[in-house]
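Report on one structure; see the data block that follows.
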Amino acid sequence: MPCKLAIPTMSLGHCWAGHSLDTKLDAAKSCGYQGVEVSYEDIVGVALKQLPHLGGHHHLHHHHVGDKPLELRFQLPPFDLRAAASTIKAMCKDRDLEIISLQPFPEYEGLIDAQEQESRFDLLLVWIGLARALGTDLIMVPANSLPKAEVTSDLDRLAQDFQRACDAPQSQEDPPMHFAYEPRVSATYIDRWEYAWDLVERVDRPGFGLCLDTFHLAAVYFGDPSSPSGCLPDGAKPLKMSMDRLVRKLGKYHHHQGHRDKVFLVQMGDARRLDEPLYASADCDPEQRPSTTWSRDYRLFYREEPRGAFLPIREVADAIFNGVRYEGWVSLELFNKRMGCGDPNVPADLAQRGLDSWHRLTSDMGWWPPLPQPV
1 MPCKLAIPTM SLGHCWAGHS LDTKLDAAKS CGYQGVEVSY EDIVGVALKQ
51 LPHLGGHHHL HHHHVGDKPL ELRFQLPPFD LRAAASTIKA MCKDRDLEII
101 SLQPFPEYEG LIDAQEQESR FDLLLVWIGL ARALGTDLIM VPANSLPKAE
151 VTSDLDRLAQ DFQRACDAPQ SQEDPPMHFA YEPRVSATYI DRWEYAWDLV
201 ERVDRPGFGL CLDTFHLAAV YFGDPSSPSG CLPDGAKPLK MSMDRLVRKL
251 GKYHHHQGHR DKVFLVQMGD ARRLDEPLYA SADCDPEQRP STTWSRDYRL
301 FYREEPRGAF LPIREVADAI FNGVRYEGWV SLELFNKRMG CGDPNVPADL
351 AQRGLDSWHR LTSDMGWWPP LPQPV
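Here it is, written out as structure tokens:
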């Protein structure tokens with residue numbers, strides 16, 4: 001089986017909820033994960049614990065790093081963040097866990113405000129330094145979800161922003177930095193893989209490729225959290241057509257070489273069918289779209305049907321693994337309220353749930369043996 005198992009550190013519990021990175025890495029190791037995506041909030045969390053004058057862990061609780069990463073970033077000098085990243089690299093090495101990416105770098109491309117775009121580019125250079133301190137050459141960049149008044153839909157402009165990122169001297173050092181771009185159902189414009197692929201072709205750089213997240217691939221065609229049914233009308237048909245296009249464009253078959261090498265990362269996830277539409281729910285934030293709330297608070301691991309998972313993720317996975325024939329890291333991404341619960345059992349619980357979902361995936365995809373096993 002050519003795929004390897006990873007998980008984002010944030011998916012094992014938020015650090016601001018009291019879940020230390022040590023505990024989360026131990027949980028990942030004990031369940032047999034081979035790699036982790038280091039979430040930026042955990043770099044901030046480790047940095048704060050290494051700075052006694054900031055009050056350590058209590059300061060971290062007070063500021064809720066998971067909700068406000070950018071504000072906290074500006075309180076910490078890059079030197080302290082890099083020191084924390086180096087510490088995390090050693091922590092992972094001690095547990096034989098490979099750091100596969102730094103994630104997520106949000107709200108980068110297409111900003112209408114030129115000064116703000118320059119500020120984001122400067123921050124990206126800081127992140128490149130953090131990635132190198134971690135020992136990874138991959139940064140995951142989710143598609144921008146800022147309001148339309150703040151971000152352009154001009155694909156050529158978006159491509160220019162990523163060309164600048166790839167061409168920066170800091171990106172060209174050995175090994176060259178790579179950027180995995182993730183289309184999101186909640187994105188302002190790039191909400192499906194077809195649009196993201198158009199951007200990949202326009203950028204035309206070896207260091208720019210795709211992050212395919214099964215939740216987003218399925219949700220944009222199939223799910224509607226503002227509907228009583230939770231589904232878009234006849235969503236299965238357009239989703240199948242999209243997955244057929246994915247296989248034709250990226251897959252390797254007959255004399256067609258495909259472009260599966262431009263898939264830098266696959267993230268596996270599902271989501272819960274809600275009891276009532278989000279617009280009618282007390283859980284719905286009136287300042288954000290229902291798809292954003294659904295994406296942030298109600299995601300599940302692959303095929304957790306007893307917990308309400310309902311998206312056709314198996315069909316999406318089949319297109320990626322058996323159609324495109326992707327080989328590489330598979331990261332089990334989760335976003336829900338359990339991550340912010342202070343229960344000390346959260347990391348172990350989520351790590352085990354992720355492993356159970358991995359075993360379901362290996363069975364569904366016909367992989368054998370269904371490794372890894374807990375250690």
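Its first residue numbered 1, the sequence shown is counted upward by one per residue in the UniProt record's numbering. We put the beta carbon where it would ideally sit given N, CA and C, even for glycine.
Pairwise C-alpha distance: residue j and residue i
| i | j | result |
| --- | --- | --- |
| glutamate 333 | phenylalanine 301 | 7 Å |
| alanine 348 | glycine 13 | 10 Å |
| histidine 57 | tryptophan 16 | Legend: pLDDT at histidine 57 = 49, less than 50; position of this residue unreliable, value from coordinates given subsequently. One C-alpha to the other measures close to 8 Å. |
| glutamate 305 | aspartate 356 | 12 Å |
| methionine 10 | leucine 350 | 11 Å |
| aspartate 343 | glycine 18 | 9 Å |
| alanine 28 | isoleucine 7 | 8 Å |
| glutamate 173 | serine 295 | 35 Å |
| leucine 232 | glutamine 115 | 39 Å |
| alanine 309 | serine 229 | 13 Å |
| tyrosine 189 | asparagine 144 | 8 Å |
| arginine 353 | methionine 177 | 32 Å |
| leucine 246 | leucine 265 | 15 Å |
| tryptophan 358 | serine 30 | 15 Å |
| valine 346 | arginine 338 | 7 Å |
| arginine 314 | serine 363 | 11 Å |
| glutamate 194 | phenylalanine 162 | 17 Å |
| proline 77 | arginine 360 | 43 Å |
| alanine 149 | leucine 278 | 24 Å |
| leucine 97 | serine 331 | 13 Å |
| leucine 138 | proline 104 | 11 Å |
| glycine 251 | tryptophan 197 | 13 Å |
| arginine 95 | aspartate 42 | 17 Å |
| arginine 184 | glutamine 267 | 12 Å |
| alanine 219 | cysteine 92 | 33 Å |
| lysine 237 | arginine 192 | 15 Å |
Helix, strand or coil at residue i according to DSSP, with G and I counted as helix
| i | result |
| --- | --- |
| glycine 328 | coil |
| leucine 217 | helix |
| residue 406 | Outside the modelled stretch of the chain, which goes from 1 to 375, sits residue 406, for which no answer is possible. |
| isoleucine 7 | strand |
| serine 101 | strand |
| glutamate 305 | helix |
| residue 425 | Because residue 425 is not part of the residues shown, which for the chain are 1 to 375, the question remains open. |
| serine 39 | strand |
| arginine 335 | The amino acid at residue 335 is misidentified as arginine; the sequence shows phenylalanine. It is coil, neither helix nor strand. |
| glycine 340 | helix |
| glycine 209 | strand |
| methionine 91 | helix |
| methionine 365 | coil |
| alanine 168 | coil |
| tyrosine 195 | helix |
| arginine 289 | coil |
| glycine 187 | First, the amino acid is wrong: residue 187 is alanine here, not glycine. Correct three-state label for alanine 187: coil. |
| serine 357 | helix |
Residue from the options with nearest C-alpha to residue i
| i | options | result |
| --- | --- | --- |
| glutamate 276 | Pro225, Leu246, Gly269, Ser242 | Pro225 |
| arginine 202 | Pro233, Cys166, Val38 | Cys166 |
| serine 291 | Ala319, Glu305, Phe222 | Phe222 |
| methionine 365 | Ala319, Asp94, Cys211, Ser331 | Ala319 |
| aspartate 270 | Met339, Gly251, Arg307, Gly35 | Arg307 |
| threonine 152 | Gln117, Lys93, Ile139 | Gln117 |
| glycine 35 | Thr87, Glu109, Thr136 | Thr136 |
| tryptophan 329 | Gly251, Ile99, Ala85, Ser86 | Ile99 |
| residue 382 | Met339, Leu239, Tyr195, Gln257 | Residue 382 lies beyond the residue range present for the chain, which begins at 1 and ends at 375; the question has no answer from this structure. |
| phenylalanine 179 | Asp234, Gly32, Leu125 | Leu125 |
| arginine 273 | Gly258, Tyr298, His259 | Tyr298 |
| alanine 47 | Gly32, Ser20, Glu37, His259 | Ser20 |
| valine 44 | Arg164, Arg120, Phe79, Trp367 | Phe79 |
| phenylalanine 121 | Gln160, Gly32, Arg132 | Gln160 |
| leucine 5 | Gly32, Gln257, Arg164, Ala131 | Gly32 |
Opposing strand residues paired with residue i [DSSP bridges]
| i | result |
| --- | --- |
| serine 242 | Serine 242 is not bridged to any residue. |
| valine 151 | Leu111 |
| glutamate 182 | Pro142 |
| cysteine 231 | Gly223 |
| alanine 271 | Arg299 |
| leucine 265 | Cys211 |
Check whether residue i and residue j have beta carbons under 9 Å apart
| i | j | result |
| --- | --- | --- |
| cysteine 3 | phenylalanine 321 | yes |
| arginine 82 | glycine 129 | yes |
| alanine 317 | threonine 214 | yes |
| glycine 110 | aspartate 154 | yes |
| lysine 249 | glycine 209 | no |
| leucine 217 | serine 242 | yes |
| glutamine 50 | alanine 85 | no |
| arginine 260 | valine 324 | yes |
| valine 38 | leucine 102 | yes |
| leucine 212 | tyrosine 326 | yes |
| leucine 146 | glutamate 182 | no |
| isoleucine 88 | leucine 134 | yes |
Contact test: residue i Cβ vs the ligand NAD heavy atom, cutoff 8 Å
| i | result |
| --- | --- |
| threonine 87 | The ligand NAD is absent from the structure shown, which contains no ligand whatsoever. |
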